[in-house]
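Per this note's numbering, residue 245 is the first one in the sequence shown, and the count goes up by one each step.
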Amino acid sequence: MPRCILIVGGGIAGLTASIALAKYLAQSEPDLRISVYESRLEQSIGRSLTPAAQHYLNQLGILHELDRQGEYSGIEVDEINIFSLLSGRSMGPLKFADENGCGRCVLRNALFRACLAVTRKYTQISVVFKKKLASASTTGEKVTLHFNDGTMVIGDLLLGCDGVHSTVRTQLIDPDNHSEYSGVSFIQSLANANRATLPTQFDQTAIHLTRHGSLLTSYYNASHQIMFVAAIMPVNDFIVEQYRKLASSVQDDEMLKLTQMALRYQVRSKFGVSAFSWIREWIDKSDLPGGEAGKMVSRSGFAAGGRCTCNAAARESAAYAIEDAVTILARGGDRSLSDLFLEY
Numbered sequence: 245m246p247r248c249i250l251i252v253g254g255g256i257a258g259l260t261a262s263i264a265l266a267k268y269l270a271q272s273e274p275d276l277r278i279s280v281y282e283s284r285l286e287q288s289i290g291r292s293l294t295p296a297a298q299h300y301l302n303q304l305g306i307l308h309e310l311d312r313q314g315e316y317s318g319i320e321v322d323e324i325n326i327f328s329l330l331s332g333r334s335m336g337p338l339k340f341a342d343e344n345g346c347g348r349c350v351l352r353n354a355l356f357r358a359c360l361a362v363t364r365k366y367t368q369i370s371v372v373f374k375k376k377l378a379s380a381s382t383t384g385e386k387v388t389l390h391f392n393d394g395t396m397v398i399g400d401l402l403l404g405c406d407g408v409h410s411t412v413r414t415q416l417i418d419p420d421n422h423s424e425y426s427g428v429s430f431i432q433s434l435a436n437a438n439r440a441t442l443p444t445q446f447d448q449t450a451i452h453l454t455r456h457g458s459l460l461t462s463y464y465n466a467s468h469q470i471m472f473v474a475a476i477m478p479v480n481d482f483i484v485e486q487y488r489k490l491a492s493s494v495q496d497d498e499m500l501k502l503t504q505m506a507l508r509y510q511v512r513s514k515f516g517v518s519a520f521s522w523i524r525e526w527i528d529k530s531d532l533p534g535g536e537a538g539k540m541v542s543r544s545g546f547a548a549g550g551r552c553t554c555n556a557a558a559r560e561s562a563a564y565a566i567e568d569a570v571t572i573l574a575r576g577g578d579r580s581l582s583d584l585f586l587e588y
């Protein structure tokens, strides 16, 4: 059983995985050490939690910490309203609740703070920020990570929880799998209600459909002061690649602003003409924009989390990834990692 676990990515998947592993493996592995490395200092945008996801977060003690955040603890969602963007006609609700309760819409920052608070209760877990992975390699049963600041660490097991453009997956687990842009982008942002004057026609969450794509809008607090806006639509690959390069490098602020304006124009051109007059106003006043499947397992590491498994639509992939990892590792005993990964 691995005693030194390295987790690249300190987002929701990385932190919840560290908590689950510490909670269920600490007794059988008294020398267990879990190190989480995150390149950024904060998390952005929003997240929808199904009843199943909330069940697992509750078992880990995260929901208790989230509920302590008051206005920022999110809102319950029992259904998602579906509308025609052009006619305004209701196309019926999509249930977002089951026998275990309702779903919840919550800001990622709030959920991140709740997860971080729980990690601090475990001496086995350390979380390090401003650690951007440069390269990863394996030697025998060990995995070595090199970071951009020149430091390195060696561990027994690596979890890649570093998002849709996972460095762990592309460098170590499946380097021959190159992602290709599908032509469709998920452009997301948050907007503050005090920027807008027109009322909306929904109370929780709504999807507005058109032949050009779909526009997802969701409130994230009870006072309806914060709205999540996401456009799922075709976008020119040159604009997408240009934005990714500018956003991830030392920024040319003027060029980045021009690229954002180009994206906003594309969103407005596809969703601005609508039966709902408030939509164009929210598009204009949102800070747009704020997202590949492949091999997930290697000899000493695997990728986990909603974006890595490309199951964002179901919003349950993070919960299932946590359950799978904990169940398999907890019953693994002294079995080799290669055998455990084969089972995974």
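Where is the CB? At the ideal position from N, CA and C, for every residue including glycine.
- Between Thr461 and Val479 a beta carbon distance of about 19 Å is seen, past the 8 Å cut, so the two are scored as non-contacting.
- Ala257 is the residue among Ala257, Asp311, Leu507 whose C-alpha sits nearest the C-alpha of Glu282.
- In the three-state scheme derived from DSSP, where H, G and I count as helix and E and B as strand, Cys359 is classed as helix.
- Contact annotation: the region 355-373 does not touch the region 327-335, with fewer than three C-beta pairs closer than 8 Å.
- Taken atom to atom, the span from the alpha-carbon of Arg284 to that of Asp481 is near 26 Å.
- For Arg439, the secondary structure class from DSSP, reduced to helix, strand or coil, is helix.
- With a minimum length of 3 residues, the unbroken runs of beta strand (DSSP E) contained wholly in the region 355-430 fall at 369-373, 377-383, 386-391, 396-399, 401-404.
- The beta carbon of Ile278 is closer than 7 Å to those of Ile249, Ile251, Ser262, Leu265, Ala266, Gln368, Ile369 in its chain, skipping five residues each way along the sequence.
- Taking all protein chains in view, the Cβ of Thr411 is crowded by 16 or more other Cβ atoms within 10 Å, so the residue is classified as buried.
- Nearest to Ile483 by C-alpha distance, out of Met471, Lys501, His468, Ile470, is Lys501.
- The Cβ atoms of Ile289 and Arg352 lie closer than 7 Å to each other.
- For Thr454 and Phe515, the gap between their C-alpha atoms comes out near 8 Å.
- Ile289 carries a coil assignment under DSSP once its states are collapsed to helix, strand and coil.
- Rounded to whole angstroms, the Cβ separation of Asn465 and Ile326 is 23 Å, and the two are not in contact under 8 Å.
- For the pair Val517 and Tyr316, the Cα-to-Cα distance works out to about 32 Å.
- Look at the region 305-358 and you find these whole runs of beta strand (DSSP E), each 3 residues long or longer: 319-321, 323-328, 334-339, 345-351.
- Per DSSP, reduced to three states, the secondary structure at Thr503 is helical.
- Taking all protein chains shown into account, Phe340 has 16 or more neighbouring C-beta atoms within 10 Å of its C-beta and is therefore buried.
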